[in-house]
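**Student:** Our numbering applies: residue 13 is where the sequence shown begins, and numbers increase by one.
In this text, a Cβ means the ideal position worked out from N, Cα and C, and glycines have one as well.
To start, I am sharing the structure in question, which I have written as structure tokens.
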Amino acid sequence: MKDRVDLKTTPSKITPANDVWVLHLPRFGEEGTHFHTYGLLTPYFKGLTEGRLMATRCTNPRCPISKGNGEMWLPPRADCPDCHQPMVWQEVKDPKGYIYAFTYVERGGTGLEIECPYYQIDVKMEGVGTIVKSYLLDRKPIKIGDKVRARFRTGAAATNTCLDLCFELA
Ligand SMILES: [Zn+2]
């Protein structure tokens, strides 16, 4: 077994439409291509393909929770769940954190595009208020608290999906 996880995905195509991306996901072959837009979350997916992790945060001073100085959210939300106002984009610089929880996946369900076995991980990242769910590239034994750093599938390797973000042991 290889010591790094690979994907078994057919890359998706993107059609830009004004400021948003429309995804063509060939999940069931060309005939079964699923189309949907990333809409206001396009900066997140575009950022991944460029090696940048883009989060959103609430800066509304009248927000009952953020009071104008919200934490970063990942995955991002277009609108704040607390005050329903648009959030602002901010890049997570030098994205890293630690394993908060994990699941060792030996057999995946239909449609899983990650080669098993792999670790599905929840990551607590520095400066980010939410827990990020992703997958770990490494296949060696891990434990809660292990430090990880973000990796990206960019350029020709990009899938244009959430799979373009993953983590490796730091
Ligand atoms: Zn808010």
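Closest to Met99 by C-alpha separation, out of Asp106, Lys108, Arg69, would be which residue?
**Tutor:** For the purposes of this step, residue 99 is identified with residue 87 of the sequence shown, where counting begins at 1. Nearest of Asp106, Lys108, Arg69 to Met99, Cα basis: Arg69.
**Student:** Could you tell me if Arg165 is buried or exposed, where buried requires 16 or more neighbouring beta carbons within 10 angstroms of its beta carbon?
**Tutor:** By one-based count along the sequence shown, residue 165 stands at place 153. By the 10 Å Cβ count, Arg165 comes out buried.
**Student:** May I ask you to check if the CB of Gly141 is nearer than 8 Å to at least one heavy atom of ligand 1?
**Tutor:** Within the sequence shown, numbered from 1, the residue matching residue 141 stands at position 129. No, the beta carbon of Gly141 sits no closer than 8 Å to any heavy atom of ligand 1.
**Student:** Consult DSSP for Leu37 and reduce its assignment to one of helix, strand or coil.
**Tutor:** In the sequence shown, residue 37 corresponds to position 25, counting from 1. Looking at Leu37 - three-state DSSP - the assignment turns out to be strand.
**Student:** Cα separation between Gly120 and Gly80?
**Tutor:** Sequence index remark: in the sequence shown, residue 120 carries index 108 (1-based). Sequence index remark: in the sequence shown, residue 80 carries index 68 (1-based). One C-alpha to the other measures close to 42 Å.
**Student:** Please report the straight-line C-alpha distance between Thr21 and Glu43, rounded to a whole angstrom.
**Tutor:** The sequence position of residue 21 within the sequence shown is 9, counting from 1. The sequence position of residue 43 within the sequence shown is 31, counting from 1. Their backbone Cα atoms lie some 16 Å apart in a straight line.
**Student:** Hey, how far is the Cα of Met13 from the Cα of Leu181?
**Tutor:** Residue numbering aside, residue 13 sits at position 1 when the sequence shown is read from its first letter. Residue numbering aside, residue 181 sits at position 169 when the sequence shown is read from its first letter. Spanning the two alpha carbons is a distance of roughly 18 Å.
**Student:** By the 10 Å Cβ neighbour count, where 16 or more other Cβ atoms means buried, how is Tyr116 classified, buried or exposed?
**Tutor:** Counting from 1 along the sequence shown, the entry for residue 116 is found at position 104. Label assigned to Tyr116: exposed.
**Student:** Using the beta-carbon count (16 or more within 10 Å), is Lys186 buried or exposed?
**Tutor:** Only positions 13 to 182 of the chain appear in this structure, which leaves residue 186 out of reach.
**Student:** Can you tell me which of the three DSSP states Lys58 falls into?
**Tutor:** Taking the first residue of the sequence shown as position 1, residue 58 is located at position 46. Note: Lys58 maps to helix in three-state DSSP.
**Student:** Assign Thr122 to one of two classes, buried (16 or more other C-beta atoms within 10 Å of its C-beta) or exposed (fewer than that).
**Tutor:** Numbered from its first residue, the sequence shown carries residue 122 at position 110. Counting Cβ neighbours within 10 Å, Thr122 comes out exposed, since fewer than 16 surround it.
**Student:** Output the distance between the C-alpha atoms of Gly41 and Asp91, rounded to the nearest integer angstrom.
**Tutor:** Along the sequence shown, one-based indexing puts residue 41 at 29. Along the sequence shown, one-based indexing puts residue 91 at 79. Distance between the alpha carbons of Gly41 and Asp91 is about 34 Å.
**Student:** So which residues touch the region around ligand 1, with touch meaning a C-beta under 5 Å from any heavy atom?
**Tutor:** Summarising the contact set, residues whose Cβ lies nearer than 5 Å to any heavy atom of ligand 1 are, in chain order, Cys70, Asn72, Cys75, Ser78, Cys92, Asp94, Cys95.
**Student:** Should Asn172 be labelled buried (16 or more other beta-carbon atoms within 10 Å of its own) or exposed?
**Tutor:** Along the sequence shown, read from residue 1 onward, the residue named residue 172 stands at position 160. It counts as buried.
**Student:** Helix, strand or coil, according to DSSP, for Gly169 in the structure here?
**Tutor:** Taking the sequence shown and counting its residues from 1, the one referred to as residue 169 is at position 157. Note that residue 169 corresponds to Ala in the displayed sequence, not to Gly. Helix, per DSSP.
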